[in-house]
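Notes follow the structure.
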Amino acid sequence: MDLKQVIHMNGGDGEEGYANNSLLQRKVISLTKSIRDEAITNVYRNTKPESIGIADLGCSYGANTFLVVAEAIKAVEKFCQEQKQKSPEYKVFLNDLPGNDFNNVFLSYDAFKKNLISEVKNQMGPLYFFGAPGSFYDKLFPNKSLHFIHSSYSLQFLSKVPEGIDNNKGHIYWAKTSPPNVLKAYLEQYKADLSFFLKCRAEELVEGGCLVVTLIGEDPAYMDCGYIWEIMSMALNDMVKQGIIKEEKVNSFNIPLYYPSLAEVKKEIDTQGSFDINYLETSQVNFAELDNWDDLDFTSKKPQSLKDGGYNLATSFKAIAEPMLTGHFGESVTKEAFNRFLKHLANHMPKDKLRITNITMSLTRKLV
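Structural data, given as structure tokens:
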């Protein structure tokens, strides 16, 4: 399985595409707006560039793709208006893996630019837009070419499946019943990936440039997103028991994801050493409590049927997970696995307090 080709969201505008199943991600982006606005405003104030470089890593495709870019530009334009300064030119880079639906991203650009100009209501500086396919676990941009880098809900993905976890039988992610070496392998892979990610971003940012990242993390006090993958494991193991797929096929599949704790993230930032921490906090979204579903504009009913809350979570999960599962199991097995996953989810969701823990960081590139 080529991870660079299968780690992407479902493309297109269909019912199961990521574009129509990314409301949670949009809400999380909205919740961190003030942090991003402060970060890019401070960068612009302190560096005063005539041309400002902005990159969004893991941009995906859909309504969220241009959201962060638009808000970043608006924040700079607001500062320029208040200070009666000439607007800079904007160089914007949208990054994701090559399997992302970049065609639809490019097709949406003209409408985005037209709307942005009308919303700014000012003589905005020139805007130059670039697609940047590739892994953010590699160097993506020239040294000191960027002032602001953003990433949301992407950095929990690993660069590869950890090595030495062949004994993680019956699971597709590390679970409480996984052997101890499995968790250790996932943690070590995450530490190596995060360290190299920070190194690359530090090289690409100007001194005083800012990196703002939100990722899915883990909090021992709550049931986290790893539980969703365990529900998928249940579905796949059901199919093994019925002889639909071989046990070896499930045992050879592990998801390249790790949900770190806040302490693990902070330790790696400090160890890598290129950034000062401006902000590093967690927040939670609870999928089971009705009040939080209302707050997020999701359905307000308990999932009494497969088309209620359980379905909303299932289709959102499918938009993210389906390409990886299809790459390993094929389309027909994946389709049946999701049908079974949906039933398991509807049975479990009213009973369990499943939370998504968000870790948000705002980092400034240290002065050398």
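Numbering (my numbering), first residue to last: 368 to 735. By construction, the Cβ of each residue, glycine as well, lies at the ideal position given by its N, Cα and C atoms. Quick caveat, the model's predicted, so the values are computed rather than measured.
In this chain, the beta strand (DSSP E) harbouring residue 463 covers 456-463. With fewer than 16 other CB atoms across the displayed protein chains lying within 10 angstroms of its CB, residue 495 is exposed. Residue 577 is bridged by DSSP to 515 and 731. Setting aside the 5 residues that flank it on each side, residue 412 is surrounded in the same chain by 446, each with a C-beta closer than 8 Å to its C-beta; the list follows chain order. Of all alpha-carbon atoms in 530, 433 and 469, the one lying nearest the alpha-carbon of residue 498 is that of 469. In the structure shown, the three-state DSSP call for residue 448 is helix.
Counting along the chain, no alpha helix (DSSP H) covers residue 539, and no H or E run does either. In this structure, the CA atom of residue 681 is about 17 Å from the CA atom of residue 698. When secondary structure is reduced to three states using DSSP, residue 479 falls in the helix class.
Taking 3 residues as the minimum length, the beta strand (DSSP E) runs contained wholly in the stretch 408-449 are 418-424, in order along the chain. Restricting attention to 535, 489 and 525, the CA atom closest to the CA of residue 555 is found in 525. Under a 10 Å Cβ-count criterion, residue 433 is classified as buried, with 16 or more other Cβ atoms of the shown protein chains found around its own Cβ. Separation of residue 545 and residue 684 (C-alpha to C-alpha, rounded to the nearest whole angstrom) is 23 Å. Secondary structure note for residue 494: its beta strand (DSSP E) is the uninterrupted segment 494-500.
Three or more pairs of CB atoms, one per stretch, sit closer than 8 Å, so the stretch 409-426 contacts the stretch 565-576.
Between the C-alpha atoms of residue 465 and residue 687 there is a straight-line separation of about 15 Å. Sequence-distant Cβ neighbours of residue 574 in its own chain, meaning closer than 7 Å and more than five residues away, are 732, 734 and 735. Relative to residue 435, the option among 614, 640 and 461 whose CA is nearest is 461. Rounded to the nearest angstrom, the gap between the Cα atoms of residue 492 and residue 418 is 9 Å. Between the C-alpha atoms of residue 443 and residue 584 there is a straight-line separation of about 30 Å.
The C-beta distance from residue 626 to residue 592 rounds to 6 Å, short enough to meet the 8 Å contact threshold.
Residue 531 places its beta carbon 8 Å or farther from that of residue 559. By the CB criterion at 8 Å, residue 582 and residue 522 fall inside the cutoff. Inter-residue distance for residue 454 and residue 652 is about 37 Å (C-alpha atoms, whole angstroms). Taking a 10 Å sphere around the C-beta of residue 420, we find 16 or more other C-beta atoms and assign the residue as buried.
Taking a 10 Å sphere around the C-beta of residue 643, we find fewer than 16 other C-beta atoms and assign the residue as exposed. Contact between residue 727 and residue 399 holds: CB atoms are separated by about 5 Å, below the 8 Å threshold.
Counting only the Cα atoms, residue 428 lies some 12 Å from residue 392. For the pair residue 636 and residue 709, the CB atoms are not nearer than the 8 Å cut-off. In the three-state reduction of the DSSP assignment, residue 510 falls in the coil class.
Per the C-alpha coordinates, the member of 515, 549 and 503 positioned closest to residue 458 is 515. The C-beta distance from residue 577 to residue 406 rounds to 4 Å, short enough to fall under 8 Å. Only residues of its own chain outside the window of five on either side were considered, and among them 504 have a CB closer than 7 Å to the CB of residue 563, listed in chain order.
Judged by DSSP secondary structure, residue 608 falls within the alpha helix (DSSP H) whose first and last residues are 593-608.
Residue 616 and residue 548 have their C-alpha atoms some 21 Å from each other. No residue range can be given for residue 534, since it is assigned to no alpha helix (DSSP H) and is classified by DSSP as neither H nor E.
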